[in-house]
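Using full-length UniProt numbering, read the sequence shown as starting at 1 and increasing by one per residue. Note that beta-carbon positions come from the ideal geometry of N, C-alpha and C, so glycine has one too.
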Amino acid sequence: MRCFLTGMPELRLGLNDKLQFEAHGKSQSRGKAVELEDVKLHQCVRLSRFENDRTISFIPPDGEFELMSYRLTTQVKPLIWVDFHVQNYPTKIEFDIKAISQFKTKSTANGVEIKIPVPSDAHSPEFQCTVGTVKYSPEEDAFIWYIKQFPGGKSFSMRAQLRLPSIQNAEDRSAKRPIAVKFEI
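As structure tokens, then:
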């Protein structure tokens, strides 16, 4: 969160989560409830209020800070889905990637960064994308696809090819590291 407010206003955010419905005896919600686990709140949050009614009440500090982090236990549809296919060859690796926005068409994701891990010995990258730019980051063993604006209900694709210096076992190359997606709406 970035805060540029003057004075010391108290802000309140309400959560629509499973615990809130159970705490208030409203077991019948209109949609699927989301249960949060491993909730961590910034020190500016009034914990007693959060524990009582799941309202995040706080006076924000100046500048940028992380208000809350959590883990979801239920399957939820990600706002940006990344479909990912890898083809291994003896001296190269090819990626076909499709990013799909799964939010309403009237919304737009800004500053989208999709980080795709690659083998540590990859080099000589070649990229093609329908939108945005792609940069190779050898220090992170990844390439990053930047999309300035990603409208809801759209999909974009990109292809990447990287050379490999030697013949290796394909299983060695496919160490399963997650794709990371960052954005703001």
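Quick one: give me the first and last residue of the alpha helix (DSSP H) that residue i is part of.
i	result
residue 202	The requested residue 202 does not occur in the structure, where the chain is confined to residues 1 to 185.
ASP53	47-53
Skipping 5 residues on each side, what residues in its chain have a beta carbon closer than 6 Å to that of residue i?
i	result
VAL45	ILE56 and PHE58
THR105	GLY152 and GLY153
SER124	ARG163
VAL181	ILE80 and ILE114
LEU13	ILE56
Leaving out five residues before and five after residue i in sequence, what residues of the same chain have Cβ atoms less than 7 Å from its Cβ?
i	result
PRO78	GLN102
LEU11	PHE58 and PRO60
Following the continuous beta strand (DSSP E) through residue i, name the residue where it begins and the one where it ends.
i	result
PRO151	142-151
VAL134	133-137
CYS129	123-129
VAL181	180-184
LYS40	36-41
TYR70	68-72
VAL118	From DSSP, VAL118 is part of no beta strand (DSSP E); its letter is neither H nor E.
GLN161	155-163
GLU87	Per the sequence presented here, residue 87 reads as Gln, with Glu not at that position. It spans 80-88 - the beta strand (DSSP E) in which GLN87 sits, taken as one unbroken run.
ARG12	11-14
Enumerate in chain order the residues of its own chain whose CB-to-CB distance from residue i is below 8 Å, with the five nearest sequence positions on each side excluded.
i	result
residue 254	The structure shown has nothing for residue 254, since the chain only spans 1 to 185.
Quick one: using the 10 Å Cβ neighbour count with 16 as the cut-off for buried, is residue i buried or exposed?
i	result
PHE150	buried
VAL76	exposed
MET158	buried
PHE4	exposed
ILE80	buried
GLU22	The predicted position of GLU22 is uncertain, since its pLDDT is 44 and thus under 50; a value taken from the coordinates is nonetheless stated next. Under this definition GLU22 is an exposed residue.
ILE147	buried
Considering Cα atoms alone, identify which of the options is closest to residue i.
i	options	result
ARG163	LEU67, ILE144, VAL118 and CYS129	VAL118
PRO90	ARG2, ASP121, GLN128 and LEU47	ASP121
GLU94	PHE127, GLU64 and THR108	PHE127
LEU47	TYR146, GLY63, MET68 and PHE183	MET68
PHE183	TYR136, ILE114, GLY132 and PHE156	ILE114
PRO60	PRO9, VAL86 and PHE50	PRO9
LYS98	GLY111, ASP83 and VAL112	ASP83
LYS176	ASP62, PHE50 and ILE116	ILE116
residue 203	PHE65, ARG71 and LEU11	Absent from the model: residue 203. The displayed extent of the chain is 1 to 185, so no value can be given.
GLN87	ILE185, GLN161 and GLY111	GLN161
ASP141	ASN110, PRO178, PHE65 and GLY111	PRO178
PHE65	HIS42, PRO165 and PHE156	HIS42
PRO165	CYS129, GLY7, LYS92 and GLU51	LYS92
SER137	THR130, VAL112 and TRP145	TRP145
THR130	SER155, SER107 and ASN110	SER155
MET1	THR74, GLU139 and GLY63	GLY63
Is residue i near the ligand PLP - that is, is its Cβ less than 6 Å away from at least one heavy atom of it?
i	result
GLY111	Among the ligands in the structure shown, none appear at all, so the ligand PLP cannot be discussed.
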